[in-house]
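Scroll down for the structure; my scribbles are underneath it.
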Amino acid sequence: MAKYVPDVKTQRWVIISAGRTSRPGDFTPHKSVCPFCAGNEATTPPEVYRIGPGEKDKPGWLVRVVPNKYPITDIHEVIIHSPDDTKDIEQLPIEQVTHILTAYRDRYLAHLDDGQVLIFCNHGEHAGASLKHPHSQLAVIPKQINLDALVREPIANVVGDNTSFVTYCPDFSQWPFEVWIAPKNSSGKFSEVGDTDLKDLAEVLQTTLKKLERIAVNPPPGIGISQHEFVYNYYIYHLEKWYIRITPRFVHRAGFELGTGLNVNIVDPTEAARILRETV
């Protein structure tokens with residue numbers, strides 16, 4: 007079981023989860039069998055949810071959810087984005103992105119009464135992913151644990167919008183080209199998103215990630231980031247007034263940030279929003 011330890015003064019918490027050291031990894035030249043690929047369903051714990059045809063733990067699925075074999079918390083699931091080993095949200099058909107977001111919402115609803123539901127994605131080894139096969143994760147944290155998460159930042163430096171959502175680079179952005187996606191007309195939780203809005207969200211999420219990928223592989227001159235592989239994290243805020251926060255990993259945190267708790271953003275959010283708006 008996970009062990010929760012608070013700091014006596016600030017009431018910030020850490021989770022002691024020693025079993026995480028046993029996680030597999032395939033960011034090496036010697037790739038092993040991918041447990042998330044179709045045909046390898048027997049190598050994961052029994053699935054708890056799927057979108058798509060077929061029997062449980064058999065091929066045919068479009069999105070598949072299984073318990074994490076190396077959990078951080080007592081309830082920790084893996085949401086496998088598709089049977090494709092390489093394509094992620096930036097490259098998948100928009101219908102598949104909608105399936106992924108539908109799985110997010112349905113699994114959030116399934117655990118609504120179990121605690122605080124956090125859905126997050128680590129894309130790339132340097133963002134914390136241990137397996138290349140695109141996937142997200144869902145973790146449930148006990149309600150009594152104080153999560154040190156940002157509430158929704160005011161809308162500023164707008165990048166774009168559609169019928170239901172707006173994308174923007176908050177003035178408080180802690181990472182270069184950090185982008186937030188917020189619903190236009192919602193103060194509730196992510197579990198309340200309807201099917202029509204999920205389609206709009208799939209469109210705006212994919213568009214945003216495509217723009218960030220373009221900047222990652224071909225950064226504009228003079229903004230202080232070098233050419234990178236596309237590595238990023240995002241998460242869905244777990245309470246009311248939900249949002250999605252996307253943080254591309256264009257820089258590494260170092261001693262100053264660790265020693266002070268202050269984050270240094272080398273790209274002004276206003277400039278980041280302008281570049282994103284102009285990125286095709």
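Take 7 as the starting number for the sequence shown in the numbering used here and just add one per residue.
Just so it is clear, CB atoms sit at the ideal spot from N, CA and C, and this is done for glycine as well.
Original post:
Residue range of the alpha helix (DSSP H) that D13 falls in?
Top reply: To locate residue 13, count along the sequence shown from 1; it is residue 7. Segment: none, D13 is in no alpha helix (DSSP H) and carries neither H nor E.
Original post:
Can you tell which of T79, V54, V72, G45 has its C-alpha closest to the C-alpha of K64?
Top reply: Within the sequence shown, residue 64 is the residue found at index 58, counting from 1. Nearest option by C-alpha distance: G45.
Original post:
By Cβ distance, which residues of its chain are closer than 7 Å to K190, with the 5 residues on each side in sequence left out?
Top reply: In the sequence shown, counting from the first residue as 1, residue 190 sits at position 184. Result list for K190: S170, F171, V172, in chain order.
Subject >> Simplified DSSP state of L207, which is helix, strand or coil >> reply: As a first step, residue 207 is located in the sequence shown; it is residue number 201 there, counting from the start. Reduced to three states, the DSSP call for L207 is helix.
Subject >> Buried versus exposed, by CB contacts within 10 Å (16 or more), N109 >> reply: For the purposes of this step, residue 109 is identified with residue 103 of the sequence shown, where counting begins at 1. A small fix is needed here, since residue 109 is Ala in this sequence, not Asn. So A109 counts as buried.
**OP:** Check E198 in the structure and name its three-state DSSP category.
**Re:** Looking up residue 198 in the sequence shown gives position 192. Helix at E198.
**OP:** Rank K217, L124, R259, Y240 by C-alpha distance to the C-alpha of R280 and give the top, closest one.
**Re:** On the sequence shown, position 274 is the one that residue 280 refers to. Comparing Cα-Cα distances from R280 to each of K217, L124, R259, Y240, the minimum goes to K217.
Original post:
How is the beta strand (DSSP E) around G66 delimited, first residue to last?
Top reply: Position 60 of the sequence shown holds residue 66. Taken as a continuous stretch (DSSP letters only), G66 belongs to no beta strand (DSSP E), as it is neither H nor E.
**OP:** May I ask you to verify whether the stretch 130-145 touches the stretch 77-94, counting CB pairs closer than 8 Å and requiring at least 3?
**Re:** yes
Subject >> Proximity winner among D274, D91, V20, relative to I231 (alpha-carbon distances) >> reply: Mapped onto the sequence shown, residue 231 falls at position 225. The candidate whose alpha carbon is nearest that of I231 is D274.
**OP:** Taking only the alpha-carbon atoms, compute the straight-line gap between G194 and W248 and give it to the nearest angstrom.
**Re:** Sequence index remark: in the sequence shown, residue 194 carries index 188 (1-based). Sequence index remark: in the sequence shown, residue 248 carries index 242 (1-based). Their backbone Cα atoms lie some 7 Å apart in a straight line.
Original post:
Smallest Cα separation from H139: which of H244, C40, L282?
Top reply: On the sequence shown, position 133 is the one that residue 139 refers to. The shortest Cα separation from H139 among H244, C40, L282 belongs to C40.
Original post:
CB T50 to CB V72, shorter than 7 Å?
Top reply: The residue you call residue 50 lines up with position 44 of the sequence shown. The residue you call residue 72 lines up with position 66 of the sequence shown. Cβ atoms of T50 and V72: closer than 7 Å.
Original post:
Do L68 and I78 have their C-beta atoms within less than 7 Å of each other?
Top reply: One-based indexing of the sequence shown puts residue 68 at position 62. One-based indexing of the sequence shown puts residue 78 at position 72. It is not a contact, given that the beta carbons lie outside the stated cut-off.
Subject >> Inter-residue spacing [alpha-carbon to alpha-carbon] between W186 and V210 >> reply: Residue mapping note: residue 186 aligns to position 180 of the sequence shown, counting from 1. Residue mapping note: residue 210 aligns to position 204 of the sequence shown, counting from 1. For W186 and V210, the distance between alpha carbons rounds to 11 Å.
Original post:
So which of R255, Q102, V237, V270 has the shortest CA-CA distance to G261?
Top reply: Numbered from its first residue, the sequence shown carries residue 261 at position 255. The shortest C-alpha separation from G261 is found at V270.
Original post:
Hey, out of I22, R251, L282, whose CA is closest to L156's CA?
Top reply: Reading the sequence shown from its first residue, position 150 is the one you call residue 156. Of the listed residues, the one whose Cα sits closest to L156 is R251.
Original post:
By Cβ distance below 7 Å, which residues in the same chain neighbour Q180 in space, the five residues on each side in sequence not counted?
Top reply: As a first step, residue 180 is located in the sequence shown; it is residue number 174 there, counting from the start. If we look at Q180 and ignore the five residues flanking it on each side, its Cβ neighbours are N269, N271.
**OP:** For the alpha helix (DSSP H) containing G166, list its first residue and its last residue.
**Re:** Position 160 of the sequence shown holds residue 166. Premise fails: G166 lies in the beta strand (DSSP E), 164-167, not in any alpha helix (DSSP H).
Subject >> Burial state of V164, where buried means 16 or more other Cβ atoms lie within 10 Å >> reply: Stepping through the sequence shown from its first residue, residue 164 is reached at position 158. Classification of V164: exposed, given that the 10 Å Cβ count is below 16.
Subject >> Rounded straight-line distance, which links the Cα of T253 to that of T34 >> reply: Residue numbering aside, residue 34 sits at position 28 when the sequence shown is read from its first letter. Residue numbering aside, residue 253 sits at position 247 when the sequence shown is read from its first letter. For T34, the pLDDT reaches just 48, beneath the cut-off of 50, and the residue's location in the model is therefore unreliable, leaving the point undetermined.
Subject >> Cutoff 6 Å; reference K15; Cβ partners in own chain excluding five residues on either side >> reply: Position 9 of the sequence shown, counting from 1, holds the residue named residue 15. No residues qualify anywhere along the chain.
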